[in-house]
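Comments concern the structure below.
Protein chains: 2
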Amino acid sequence: MALSRNEDQRVSLHTVERLSVYRRKLEELSHEGVEFVHSHQLATMVGVTPAQLRRDLASFGSYGNIARGYEVAKMITTISRILGTDKLQNVGLVGVGDLGRALLSYRGFEERGFHIAAAFDIDPAKVGRLFAGRRCYHLDELEPVIAQSNLRIMVLASRPEGLQDIIDRAAAAGVRAFLNFVPRTTVTPPGCFIERIDISAKLEKLSFLVKQQEQCT
Amino acid sequence: MALSRNEDQRVSLHTVERLSVYRRKLEELSHEGVEFVHSHQLATMVGVTPAQLRRDLASFGSYGNIARGYEVAKMITTISRILGTDKLQNVGLVGVGDLGRALLSYRGFEERGFHIAAAFDIDPAKVGRLFAGRRCYHLDELEPVIAQSNLRIMVLASRPEGLQDIIDRAAAAGVRAFLNFVPRTTVTPPGCFIERIDISAKLEKLSFLVKQQEQCT
DNA sequence: CGCCTCCTGTGATTGACTTCACAGTGAAAT
DNA sequence: ATTTCACTGTGAAGTCAATCACAGGAGGCG
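So the protein sequences, as listed, match chains A and B.
First residue of the first sequence? That's 392 in this note's numbering, and the numbers climb one at a time after it.
First residue of the second sequence? That's 392 in this note's numbering, and the numbers climb one at a time after it.
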């Protein structure tokens with residue numbers, strides 16, 4: 392089999408985002424005992440065209456059996472290896488507010504290969520306490536804890552003030568990627584990645600769509 | 392002025408998403424007392440190219456002063472009108488778990504024109520109680536409360552089980568748009584919009600990027 | 001008053017992603 | 001063994017968004 396080396400060399404980011412969706416549905420199918428699935432079946436289940444699904448899978452050299460379709464179990468492990476979630480990864484969390492605590496108690500992360508190993512805050516009422524079994528450190532301890540727990544990914548759910556400084560310090564300490572829930576524009580340190588989740592912006596987009604639809608009536 | 396009628400007739404969704412970002416930065420500038428801003432200034436602040444910013448603004452007929460740039464206050468009101476957030480909108484919330492409660496206490500929504508008017512759950516320990524000042528209704532009361540509060544947008548933060556049924560019922564009762572945090576594939580009712588926020592998928596994307604970068608070393 | 005500078009709005013171009021459409025193929029049926 | 005069938009992988013075409021580049025114009029300055 393020729394897909395062992397560099398199987399993920401040129402996968403577009405759009406494809407990567409869809410791989411997460413495919414994998415989740417494939418795991419559902421696997422639990423139901425399904426062993427093989429055709430492109431048009433999986434495609435309609437997740438809401439993409441069969442051609443796009445085939446191209447996504449072909450982009451990393453997944454060769455499906457022509458008569459039976461794609462092997463579910465094998466595709467799950469392949470996608471997991473591409474996404475880097477085949478081993479449990481430690482991630483950090485900055486900001487133990489309402490959102491931070493919700494993320495700490497979210498069970499879905501562990502299932503997908505992510506473990507929030509450490510939380511950080513500056514509130515004396517929170518520092519030192521346990522939240523959902525995880526210790527909350529003071530932000531001053533950011534660098535040593537990053538090194539100790541080998542954190543490569545950090546979730547940002549703090550107040551907007553001082554966010555850039557936290558990002559820069561974390562990047563200098565070895566963090567390579569940030570998932571940012573904080574609605575403030577940031578500068579991405581060289582060699583790093585920042586992925587934003589802007590809940591208000593999503594609501595505004597929906598508001599626009601609803602308004603546009605009503606006007607077209 | 393020729394921009395009064397149909398000012399938002401053909402705005403691409405990519406542009407709409409960026410409008411949210413522009414508006415946030417413009418409000419910051421407004422608080423700082425800035426009255427006019429040039430495209431290259433605002434563009435570098437939010438991380439897009441000046442050409443793209445100009446095209447985004449031109450797509451709904453915003454004519455900036457050539458010498459002074461764009462009028463900050465006027466652009467804020469124009470963008471708000473396009474997004475439909477110039478008036479406060481009621482939205483509903485399904486699922487008062489950790490994430491739901493975090494959303495209920497998030498202050499950013501009101502600032503952006505959204506008010507969570509009602510929450511729904513099926514847990515007897517939660518139904519009837521107040522969360523951050525909002526009453527939690529039983530899911531059985533979905534339809535009458537939607538009608539009473541005139542809910543057009545609903546945030547989904549419940550368990551995956553029965554999600555599609557909730558969507559279908561809400562759509563039948565008049566809800567037109569959903570912001571879905573639940574990691575399950577859904578079928579969009581006709582005439583409705585569903586916007587997904589998949590936190591695990593974002594983490595997986597970051598994991599992929601970090602892994603890819605490490606391999607290219 | 002006229003020149004000069006810099007910025008906006010936009011036609012044209014480039015680039016990327018999606019979709020179409022079909023050749024090739026493996027398994028099942030006869 | 002051979003035929004048939006349906007599916008995969010992929011070249012080609014199509015579509016859409018981002019970028020380039022420049023014409024036109026408003027204000028400042030001599």
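The beta-carbon is built from N, C-alpha and C at its ideal position, and this holds for glycine as well.
Suppose you measure from the CA of residue i to the CA of residue j; what does that come to, to the nearest Å?
i	j	result
K430(A)	H405(A)	In the sequence as presented, Lys is not what sits at residue 430(A); that position holds Ser. The straight-line gap from Cα to Cα measures roughly 18 Å.
R525(A)	E501(A)	13 Å
L521(A)	C527(A)	6 Å
K478(B)	G504(B)	6 Å
V428(A)	S496(B)	43 Å
V402(A)	L533(B)	43 Å
R414(A)	I544(A)	21 Å
H529(A)	L594(A)	33 Å
V518(B)	A592(B)	31 Å
T476(A)	R446(A)	22 Å
Q480(B)	T468(A)	44 Å
G553(B)	A523(B)	26 Å
I457(B)	V578(A)	29 Å
A561(B)	L444(B)	37 Å
S411(A)	K416(B)	32 Å
G455(B)	G438(B)	20 Å
G452(A)	Q604(B)	20 Å
R567(A)	P574(A)	20 Å
H422(A)	P515(A)	45 Å
Q606(A)	E418(B)	27 Å
I470(B)	Q555(A)	27 Å
R459(A)	A564(A)	48 Å
Are the beta-carbon atoms belonging to residue i and residue j less than 8 Å from one another?
i	j	result
L490(A)	F569(A)	no
S549(A)	I557(A)	yes
L597(B)	E408(A)	no
L542(A)	G486(A)	no
P441(A)	A434(A)	yes
I507(A)	L484(A)	yes
L420(B)	V482(B)	no
I590(A)	I590(B)	no
D559(A)	P581(A)	no
M436(A)	T576(B)	yes
F511(B)	L474(A)	no
A493(B)	A509(A)	no
Under the three-state reduction of DSSP, which class applies to residue i: helix, strand or coil?
i	result
E418(A)	helix
E586(B)	strand
E605(A)	helix
L600(A)	helix
E426(A)	coil
Y413(A)	helix
A568(B)	strand
G438(B)	coil
G662(B)	In the structure as shown, chain B begins at 392 and stops at 608. Residue 662(B) is therefore absent and cannot be evaluated.
G475(A)	coil
V578(B)	coil
V573(A)	coil
G499(B)	helix
V482(B)	strand
K593(A)	helix
Looking at chain A, which residues of the stretch 437-471 of chain B have a Cβ within less than 7 Å of any of its Cβ atoms? V437 and G438
Which of the residues in the stretch 543-562 of chain A, read from start to end, lie with their CB under 7 Å from any CB of chain B? R543 and I544
Tell me the start and end of each unbroken beta strand (DSSP E) in the stretch 502-557 of chain A that is at least 3 residues and wholly inside, in chain order. 505-512, 525-529 and 544-547
Taking Cβ-Cβ distances below 9 Å as the criterion, which residues of the stretch 497-516 of chain A are in contact with chain B? Y497, G499, F500, E502, R503, G504 and F505
Please name the residues in the stretch 589-601 of chain B whose beta-carbon is closer than 9 Å to at least one beta-carbon of chain A, in chain order. D589, I590, S591, A592, K593, L594, E595, K596, L597, S598, F599, L600 and V601
With 9 Å as the limit, tell me which residues of the stretch 480-499 of chain B have their beta carbon closer than that to any beta carbon of chain A; keep them in chain order. Q480, V482, G488, D489, L490, G491, R492, A493, L494, L495, S496, Y497 and G499
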